[in-house]
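A.B. asks: Once you've had a glance at the structure underneath, I'll fire off some questions.
Residue numbers (the numbering used here): 3 to 321.
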């Protein structure tokens, strides 16, 4: 019996999980994008079901038509580009196994991306956010430690919830992180984050015990109220809760604190490559998006200091 398109998608996702060691986040995205493509292929414009094409019947016109539908539904260009990348990777998998003769998605150009600068908080706003939790409660101590560590080290939410007790060194102010692609790195954090972590760890045993105890040192750092490991979604909810209390109108999420960490470090003169190492970026070009802050500062300094900058009200316009 010939393999169906759906079964090939399933095999590809299993390949990503087992052979490529893809993260759960990556697997969810690829599964969602490919199944959306499959659903579109198997549904007529009138909404009626139709047979899925054979994999070798998918050509570049099929892919272009799918992207056109995404644009009609007002998908962002970044979202369309991600879905196209998923299709390219899937078709490459099929090509390597001789299922299709050529990668049809490679002939389709990626959409030009919008230039979007990362959002970040001011120093005062960041301070207000991390100091918002009530440290007189156990949950407040935990939340303060979470916010201090996110802002103090630039960790991703997924990296933070994956931390084990053995990964922390409060004395040295260091944390060992398992990042994207299973790459390990050591990241420093400051005295305030260390103090918040110490305060939380004192009450951590009161959060309950998990049903399956972990080996010594492999216990989760951040627990929910039932004693289980916090999820990335829970961390997002924690950030949202304190943002609402502060009546912030900015769209702040855990990744905003990562952007804020990088922005404030760069503003204070940190080397771009050092920031790259701390953030766990594989390419310096990914880190360079934070240089918009230093450029803004250069412009501000120039306008305030240069005698020929044409400052408003200076009257200094004659030769």
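We put the CB at the ideal spot given by N, CA and C, even for glycine.
Keeping to the same chain, check which residues put their C-beta closer than 8 angstroms to that of residue 82; ignore five residues upstream and five downstream.
C.D. replies: In the chain shown, counting from the first residue as 1, residue 82 sits at position 80. Around residue 82: 69, 72, 73 and 113.
A.B. asks: Expressed to the nearest angstrom, what Euclidean distance is found between the alpha-carbon atoms of residue 137 and residue 44?
C.D. replies: To locate residue 137, count along the chain shown from 1; it is residue 135. To locate residue 44, count along the chain shown from 1; it is residue 42. Rounded to the nearest angstrom, the two C-alpha atoms are 54 angstroms apart.
A.B. asks: Please go through the same chain and pick out, in chain order, the residues whose beta-carbon is closer than 6 angstroms to the beta-carbon of residue 259, but skip the five residues on each side of it.
C.D. replies: Along the chain shown, one-based indexing puts residue 259 at 257. Cβ neighbours of residue 259 beyond the five flanking positions: 152 and 153.
A.B. asks: Can you check whether the CB of residue 159 is closer than 8 angstroms to the CB of residue 101?
C.D. replies: As a position in the chain shown, residue 101 is number 99, starting the count at 1. As a position in the chain shown, residue 159 is number 157, starting the count at 1. It is not a contact, given that the beta carbons lie outside the stated cut-off.
A.B. asks: Would DSSP call residue 64 helix, strand or coil?
C.D. replies: The residue given as residue 64 occupies position 62 in the chain shown. DSSP places residue 64 in helix when its eight states are reduced to three.
A.B. asks: Alpha carbon to alpha carbon, how far is residue 132 from residue 193? Give it in angstroms, no decimals.
C.D. replies: Start at 1 with the first residue of the chain shown, and residue 193 comes out as number 191. Start at 1 with the first residue of the chain shown, and residue 132 comes out as number 130. Roughly 14 angstroms between the two C-alpha positions.
A.B. asks: Per DSSP, what are the beta-bridge partners of residue 178 in this structure?
C.D. replies: As a first step, residue 178 must be located in the chain shown, where it is residue number 176. Partner(s): 188.
A.B. asks: For residue 262, which beta-bridge partners are listed by DSSP?
C.D. replies: By 1-based counting over the chain shown, the position of residue 262 is 260. BP columns for residue 262 are empty, so no partner.
A.B. asks: For residue 222, write down the residues that DSSP places opposite it in a beta bridge.
C.D. replies: Locating residue 222 in the chain shown gives position 220, where the first residue counts as 1. Paired residue(s): 166.
A.B. asks: Taking the alpha helix (DSSP H) that residue 28 falls in, what are its first and last residues?
C.D. replies: Start at 1 with the first residue of the chain shown, and residue 28 comes out as number 26. Per DSSP, residue 28 belongs to the alpha helix (DSSP H) from 26-43.
A.B. asks: Pick helix, strand or coil for residue 146, following the three-state DSSP scheme.
C.D. replies: As a working note, residue 146 is residue 144 in the chain shown. Reduced to three states, the DSSP call for residue 146 is helix.
A.B. asks: Rounded to a whole number of angstroms, what is the C-alpha to C-alpha distance between residue 52 and residue 38?
C.D. replies: Working through the chain shown from its first residue, we reach residue 52 at position 50. Working through the chain shown from its first residue, we reach residue 38 at position 36. The alpha-carbon atoms of residue 52 and residue 38 are separated by roughly 15 angstroms.
A.B. asks: Would you say residue 79 and residue 90 are within 8 angstroms of each other, going by their C-beta atoms?
C.D. replies: Sequence index remark: in the chain shown, residue 79 carries index 77 (1-based). Sequence index remark: in the chain shown, residue 90 carries index 88 (1-based). Not closer than 8 angstroms, so no.
A.B. asks: In whole angstroms, what is the alpha-carbon distance linking residue 225 and residue 263?
C.D. replies: Taking the chain shown and counting its residues from 1, one reaches residue 225 at position 223. Taking the chain shown and counting its residues from 1, one reaches residue 263 at position 261. Those two C-alpha atoms are separated by around 24 angstroms.
A.B. asks: Hey, how far is the Cα of residue 57 from the Cα of residue 6?
C.D. replies: Translated into positions along the chain shown, residue 57 becomes position 55. Translated into positions along the chain shown, residue 6 becomes position 4. For residue 57 and residue 6, the distance between alpha carbons rounds to 8 angstroms.
A.B. asks: Leaving out five residues before and five after residue 25 in sequence, what residues of the same chain have Cβ atoms less than 7 angstroms from its Cβ?
C.D. replies: Residue numbering aside, residue 25 sits at position 23 when the chain shown is read from its first letter. Cβ within range, chain order: 182.
A.B. asks: From the DSSP output, which residues share a beta bridge with residue 171?
C.D. replies: On the chain shown, residue 171 is found 169 positions in, with the first residue counted as 1. For residue 171, which the question treats as bridged, DSSP gives the partners 176.
A.B. asks: Quick check on the DSSP output: the alpha helix (DSSP H) that includes residue 9 runs from which residue to which?
C.D. replies: As a first step, residue 9 is located in the chain shown; it is residue number 7 there, counting from the start. Counting along the chain, the alpha helix (DSSP H) containing residue 9 begins and ends at 7-20.
A.B. asks: Nearest CA to the CA of residue 111: which residue from 36, 231 and 84?
C.D. replies: Taking the chain shown and counting its residues from 1, the one referred to as residue 111 is at position 109. It is 84 whose Cα lies nearest to the Cα of residue 111.
A.B. asks: Where does residue 113 fall in DSSP's three states?
C.D. replies: For the purposes of this step, residue 113 is taken as the residue at position 111 of the chain shown. Three-state result, residue 113: coil.
A.B. asks: List the whole-angstrom C-beta distance separating residue 199 from residue 172, where the pair is believed to meet the contact cut-off of C-beta under 8 angstroms.
C.D. replies: As a first step, residue 199 must be located in the chain shown, where it is residue number 197. As a first step, residue 172 must be located in the chain shown, where it is residue number 170. Going by Cβ atoms, the distance from residue 199 to residue 172 rounds to 6 angstroms, so yes, they are a contact pair.
A.B. asks: Measure how close the beta-carbons of residue 223 and residue 170 come, nearest whole angstrom, since I'm counting them as under 8 angstroms.
C.D. replies: Here residue 223 refers to the residue found at position 221 of the chain shown. Here residue 170 refers to the residue found at position 168 of the chain shown. With 8 angstroms as the limit, residue 223 and residue 170 qualify as a contact, their Cβ atoms being about 6 angstroms apart.
A.B. asks: What residue does the alpha helix (DSSP H) around residue 95 start on, and which one ends it?
C.D. replies: Counted from its first residue, the chain shown places residue 95 at position 93. Per DSSP, residue 95 belongs to the alpha helix (DSSP H) from 79-98.
A.B. asks: Reducing DSSP to helix, strand and coil, say where residue 119 ends up.
C.D. replies: Taking the chain shown and counting its residues from 1, the one referred to as residue 119 is at position 117. Any answer about residue 119 is weak, because its pLDDT of 48 lies below 50 and its placement is not dependable; what the coordinates show is given next. Residue 119: coil per DSSP, three-state reduction.
A.B. asks: Grab me the residues of residue 40's own chain with a C-beta within less than 8 angstroms of its C-beta, minus the 5 sequence neighbours each way, in chain order.
C.D. replies: Here residue 40 refers to the residue found at position 38 of the chain shown. Around residue 40: 7, 8, 11 and 54.
A.B. asks: Under DSSP, the alpha helix (DSSP H) around residue 238 begins and ends at which residues?
C.D. replies: Residue 238 sits at position 236 when you count from the first residue of the chain shown. It spans 234-247 - the alpha helix (DSSP H) in which residue 238 sits, taken as one unbroken run.
A.B. asks: Would you kindly work out how many angstroms separate the C-alpha atoms of residue 271 and residue 265, rounded to a whole number?
C.D. replies: In the chain shown, the residue the question calls residue 271 occupies position 269. In the chain shown, the residue the question calls residue 265 occupies position 263. Roughly 10 angstroms between the two C-alpha positions.
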